[in-house]
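A short write-up of the structure that comes next.
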Amino acid sequence: MKIAHAGHAELLVNNLEASKKFFTETMGLFITEEDATSVYLRAWQDWEHHTLVLTKGEKSALVHLGWRVESPESLEQYARHFDDAGIAYRWVEAGTERGQGRALRFSSPGGVPMELYWEIEKYHTTDPELISALPSFPQKYPLSGIAPRRFDHFNVMVNDVAREQTWITGEMGIKHRYFVEGSNGQRRGSWLSISNLSHDIAVMHNRSGTGARLHHIAYYVDSPDELLRAATILVEHGGKIEWGPGKHGTSGATFLYFFEPSGHRIEVWTGGMLIFAPDWEPIRWSQESEVLGFDMWGTKAPESYLTRSSEVAETAGAGATGTR
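Just so we're aligned: 120 in this note's numbering is position 131 of the sequence shown, and the numbers increase by one with no gaps anywhere.
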């Protein structure tokens, strides 16, 4: 029973056409499939059918975060584990999400909607205009937009970070990598990964106490030069930069945060540490050192970074405990 990697996010957007235009033209993502209500997108070297789904909604919100498991057996094992642990879930039938097989949907204790899946269409273009001369590229390297290489991670906000991290580690098997602890002992943030990345998901404290929220999703670019180019593209093409470029002290990654037209925060980042030790112990950052953790180059996080987020869609979540 194991998760393989962070797969995708589905977001409700209150302006589907504007968000679609932004993600394809400014971000440089590619449409795999679309219909009247949803657009399925991926970065140029994402190997799965999609890493982002934009779905038309009255207001912008998070629908779910998707994780791919290591095998068909793992999906069934998680269902049995959730049954035994009394964790509510529901099955989503194959094809409900384009390109994807049967999936297990549930919510964390803090209210973050997630799904586990195994079967997913693998992407390799058949468009003669996009076929790469390089077999390791699912398509040609793009000529325009920010053009991130791949999807990277999720960041969510909850009321109780320590409880959420303990559950994600204990019930999902995602390892705790580092955390920030306040002077009062309260957990302010935790970063976890199932891969060698510094984090596949981050959990931050929701200071407003309003429960689960999406802070951001992130895509990876190859170099600081590409990140600086991304900042220029955003300025020239209607992006709203919130913070950066800067450098997180916690992970060592260079970052840039901005908002897309429907109001969701997006990050592009590059670099950062990789973790290979099987016996890694979570690293503690104190409240006093937190400012360097946010940006080791010395800029302060804007207030919006600590308070603004996307709500969870009312339709998200597990529903009643499911059956196999």
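For glycine and all other residues, C-beta sits at the position ideal for the given N, C-alpha and C.
These figures come from a predicted structure and were not determined experimentally.
Determine the DSSP secondary structure at residue i, reduced to helix, strand or coil.
i, result
"Val192", "strand"
"Lys10", "helix"
"Thr158", "helix"
"Thr310", "Only weak support is given to the placement of Thr310: the predicted model assigns it a pLDDT of 45, under 50, and the value that follows is read from those uncertain coordinates. Note: Thr310 maps to coil in three-state DSSP."
"Leu293", "Sequence check: residue 293 is Ser here, not Leu. The answer is helix: DSSP assigns Ser293 an H, G or I state."
"Ala25", "coil"
"His70", "helix"
"Leu132", "coil"
"Glu270", "coil"
"Val147", "strand"
Please look up how many angstroms separate the CB atoms of residue i and residue j, rounded, as I've assumed it's under 8 Å.
i, j, result
"Trp107", "Gly90", "6 Å"
"Trp33", "Tyr130", "6 Å"
"Thr40", "His(-3)", "5 Å"
Tell me where the beta strand (DSSP E) around residue i begins and ends.
i, result
"Gly55", "50 to 58"
"Gly178", "176 to 182"
"Val101", "Neither: Val101 is in no beta strand (DSSP E) and is coded neither H nor E."
"Leu93", "92 to 96"
"Glu118", "Segment: none, Glu118 is in no beta strand (DSSP E) and carries neither H nor E."
"Trp286", "Element bounds for Trp286: n/a, residue is neither H nor E."
"His165", "164 to 170"
"Trp80", "78 to 81"
Opposite residue i in the DSSP bridges: which residues?
i, result
"His142", "Ala207"
"Leu1", "Thr44, Ala50"
"Thr243", "Lys236, Thr259"
"His(-6)", "Arg57"
"Gln89", "Ile109"
Hey, how far is the Cα of residue i from the Cα of residue j?
i, j, result
"Ser298", "Ser197", "11 Å"
"Thr85", "Ala77", "20 Å"
"His237", "Met262", "11 Å"
"Met16", "Ile264", "28 Å"
"Glu47", "Trp232", "27 Å"
"Gly311", "Gly235", "Because the pLDDT at Gly311 is just 48, under 50, the model does not fix this residue reliably, and the point stays unresolved."
"Asp116", "Ser60", "30 Å"
"Lys276", "Ile255", "First, the residue type needs correcting, since residue 276 is Gln and not Lys in the sequence shown. One C-alpha to the other measures close to 25 Å."
"Ser97", "Ile157", "8 Å"
"Asp268", "Arg166", "11 Å"
"Arg177", "Pro271", "14 Å"
"Glu279", "Val150", "16 Å"
"Trp127", "Thr288", "Note that residue 127 is Pro in the sequence shown here, rather than Trp. C-alpha separation (whole angstroms): 38 Å."
"Ser240", "Gly282", "8 Å"
"Asp211", "Asn3", "31 Å"
Along the chain, where does the alpha helix (DSSP H) containing residue i start, and where does it finish?
i, result
"Thr221", "213 to 225"
"Phe283", "279 to 283"
Determine whether the Cβ of residue i lies closer than 8 Å to any Cβ atom of chain B.
i, result
"Trp56", "Among the chains of the structure shown, chain B does not appear; only one protein chain is present."
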